[in-house]
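Numbering-wise (the numbering used here), the sequence shown opens with residue 752 and increments by one. Everything below concerns the one structure shown next.
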Amino acid sequence: MVVNSTIDVLMNHRSIRKYSDEVPGEEIIETIVKAGQQAAFAGQLGSLILSRDRTKHPFTAPLYFIICVDINRMKKVMEKRNWELVSSDAAMLLFGVQDACYLAQNLVIAAESLGLGTCYLGFVPFNADNMIKKYDLPSKVLPLVGLTVGYPSENPPVRPRYPLSFACYEGKYPKFSDAQIETAMQIMDDGYLRQNYYQDGKLMIKLENDSDDPYDAANYSWTEHISRKWGQWLKDPEEFGNMMRKYGFEI
Ligand SMILES: Cc1cc2nc3c(=O)[nH]c(=O)nc-3n(C[C@H](O)[C@H](O)[C@H](O)COP(=O)(O)O)c2cc1C
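Printed below as a string of structure tokens:
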């Protein structure tokens, strides 16, 4: 693999969930936000809300960003030119999620290159009433994801990923063989088991159907964990639709 300082930062990424007391200075904050903004965009449809009250943040991180899909701001700009935004909420959401994600990830890479640690918090949007009240969100602003930022006070190992052949396909989408799927699962599961990730972090998700659990610290790993999420949670599309409507998106 080719290595330079940028690749080095990317390949050493780990989510950080323990932070030191040191608070990043203003110049650092401005730099990482500007680097975030410099990401490619479809329409600058992402924006950030910064909070500095670490007592209220996940992992008591010194900085907490809420990364938003911001269609409200786009509408306001267009209104100045007497344009009405007529693209569907679903289409705007698709582009807005992209803009917000690229912004966020540019910010993360910049932060990590300066010695900071970060962690995304994915359940932020699912608490619509609280989010709208707490951050005074107008219609058509979706708080997509939270992001803690600060100097690490832990040094976790780099987490495993699927093998390259299971992530990047040549020319067309493959028909996966059983062996290919099982190999990829094994790489993930062995990797996380070696790090005691779920045991040390007490992260095991319970079965919701009260059946006997055949998994314990010895064999509960990534595949079981991710399957228990997407096999048990967020089943109701109506609930999702209601949440999006609260944010002003008719999906
Ligand atoms: C959209 C998204 C949501 C996430 N939500 C959470 C979360 O709620 N809590 C948490 O501790 N980590 C969360 N993470 C971090 C992931 O757990 C982490 O990125 C993944 O386990 C891979 O580990 P690594 O980032 O250390 O490589 C989230 C990451 C993403 C991209």
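For each residue, glycine too, the CB sits at the ideal point set by N, CA and C. Bear in mind that the values here come from a model prediction, so they are computed numbers and not experimental data.
- Annotated three-state conformation of Y971 is coil, per DSSP.
- When secondary structure is reduced to three states using DSSP, G868 falls in the strand class.
- In the three-state scheme derived from DSSP, where H, G and I count as helix and E and B as strand, L958 is classed as coil.
- Taking C-beta atoms as the reference points, F810 and T899 count as a pair closer than 8 Å.
- The closest CA to that of Q789, considering only A851, F877, F846, is found on A851.
- Per DSSP, P988 is one residue of the alpha helix (DSSP H) stretching across 988-997.
- A contact is defined here as three or more CB-CB pairs under 8 Å, and the segment 923-930 fails this definition with respect to the segment 949-959.
- Under the DSSP assignment, D821 falls in the beta strand (DSSP E) whose first and last residues are 814-821.
- Assignment of V774 by DSSP, reduced to helix, strand and coil, places it in the coil class.
- The C-beta of D821 has 16 or more other C-beta atoms within 10 Å across all chains shown, which makes the residue buried.
- Contact annotation: S771 and Y902 have beta-carbon atoms nearer than 8 Å.
- Measuring C-alpha to C-alpha distances from F874 to each of D804, A935, I938, K980 identifies K980 as the nearest.
- The residues P775, V900, G901, Y902, in chain order, have a CB closer than 7 Å to that of L867 in the same chain once the five nearest residues on each side in sequence are set aside.
- Judged by beta-carbon spacing, I780 lies beyond the 8 Å limit of P894, meaning their Cβ atoms are not closer than that value.
- In this structure, the straight-line span from the alpha carbon of W834 to that of V828 is close to 9 Å.
- In terms of Cβ geometry, P914 and I938 form a close pair [threshold 8 Å].
- Taking the Cα of Y943 as reference, the smallest distance to any Cα among D759, W973, N763 is reached at W973.
- Nearest neighbour of L888 by Cα position, chosen from F1000, S756, V760, turns out to be F1000.
- Here A786 is near L858, since their CB atoms are less than 8 Å apart.
- For the set E773, E989, V837, K997, the Cα lying nearest the Cα of M882 is the one of K997.
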